[in-house]
Amino acid sequence: MSSLIYIHGFNSSPNSTKARIIGNSLDILGFSSDNYIVPDLNYEPDQAIAKLVDCIETLLARQEDIYLIGSSLGGFYATYLAEKYGLKTVLVNPAIRPYELLMDYLGPNKNIYTGEEYDISEEHVAQLKALDISSVTSPSDYLVLVQTDDETLDYRQATNKFWQSPLVIEYGGNHSFEDFQSKLILMKQFFSPPTQALS
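Counted from 1, the sequence shown has number 815 at position 81 by this note's numbering; the numbering is strictly sequential.
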């Protein structure tokens, strides 16, 4: 069996637009609804990673193949997990150094999807920094999708880090990644093992 985990971004939720697009397009991606998982992640990085690790290790114990899609901060988490477990991963406008950006959010915050109110502290920034992967060990295990007019992240950080990985750089767009649905076939091709030629 194969499972797909979507990892949402900062101040997002399992009800985000991309999570719903994927959930409505599982037949295109080659997964069943029973094997599509979108964890609801805590704003604290340590808790978010602990939940994702528990999810992945539960699936590994069942000997399932696992694939990841991570968006924004979820892309940062996905990179950490892909390196830890050797998983094929799609990154969508991924955050590369989110611990720098999080400094702008110190203090009270509110999740626009859930309405949850919480405080970001410097401890949370430190937790993120501890998850940083300086360089990836298997660049071909990553498909990286970026749009140059991302208003939240500098796409060049992603292209610099993943320059040896399959990269899709679209001019224009935004942080949400415009026309995300058009990339589903590409993701399917990336996740699918190469066809073995008959001898």
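Beta carbons: idealized from backbone N, C-alpha and C, even for Gly.
Taking residue i and residue j to be in contact with their CB atoms under 8 angstroms, please state how far apart those CB atoms are, rounded to whole angstroms.
| i | j | result |
| --- | --- | --- |
| P779 | H909 | About 20 angstroms separates the two Cβ atoms, so there is no contact after all. |
| N769 | S737 | 4 angstroms |
| G907 | T882 | 7 angstroms |
| P773 | L763 | About 18 angstroms separates the two Cβ atoms, so there is no contact after all. |
| L802 | A816 | 6 angstroms |
| V824 | M921 | 5 angstroms |
| N843 | N745 | 7 angstroms |
| Q898 | I755 | That belief does not hold up - the Cβ atoms of Q898 and I755 are roughly 28 angstroms apart, past 8 angstroms. |
Candidates the options: which alpha carbon is nearest residue i's?
| i | options | result |
| --- | --- | --- |
| A753 | Y740, L793 and I783 | Y740 |
| C789 | Y819, Y777, G809 and D884 | Y819 |
| S806 | N843, I800, T792 and L836 | L836 |
| E851 | Q861, Y839, G808 and L862 | Y839 |
| D799 | T813, G808, L821 and A782 | L821 |
| I903 | V880, L920, E912 and G809 | V880 |
| A812 | K917, G743 and L794 | G743 |
| A923 | F765, I755, S747 and T751 | According to the sequence provided, residue 923 is Gln. The question's Ala does not apply to it. Nearest C-alpha to Q923: F765. |
| D888 | D913, G841 and E834 | E834 |
| S874 | Q861, R796, L901 and N845 | L901 |
| Q781 | T751, Q898, F925 and Q861 | Q861 |
| T751 | Y847, S926 and I854 | Y847 |
| F810 | V870, I919, L793 and S855 | V870 |
By the DSSP assignment, the beta strand (DSSP E) with residue i in it spans what residues?
| i | result |
| --- | --- |
| K822 | K822 to V826 |
| L877 | Y876 to Q881 |
| I867 | Unbroken run through I867: none, as it is neither H nor E. |
| E904 | L901 to E904 |
Return the first residue and the last residue of the alpha helix (DSSP H) that residue i is part of.
| i | result |
| --- | --- |
| G804 | Note, G804: premise wrong, no alpha helix (DSSP H); beta strand (DSSP E) at D799 to S805. |
| L920 | L918 to F925 |
| T893 | Y889 to K895 |
Note down, one range per segment and in chain order, each alpha helix (DSSP H) of at least 4 residues found wholly within the stretch 735-786. The stretch 735-786 contains, as complete alpha helix (DSSP H) runs of 4+ residues, the segments 751-757 and 760-763 (chain order).
Contact between the stretch 850-868 and the stretch 825-835: three or more CB pairs below 8 angstroms? Counting Cβ pairs under 8 angstroms, three or more are found: they touch.
Segments of 3+ residues assigned as beta strand (DSSP E) that fall wholly inside the stretch 828-858: Complete beta strand (DSSP E) runs here, min 3: 841-844 and 851-854.
The stretch 868-878 / the stretch 893-901 touching (three or more Cβ pairs under 8 angstroms): With the cut-off at 8 angstroms, the stretch 868-878 and the stretch 893-901 touch.
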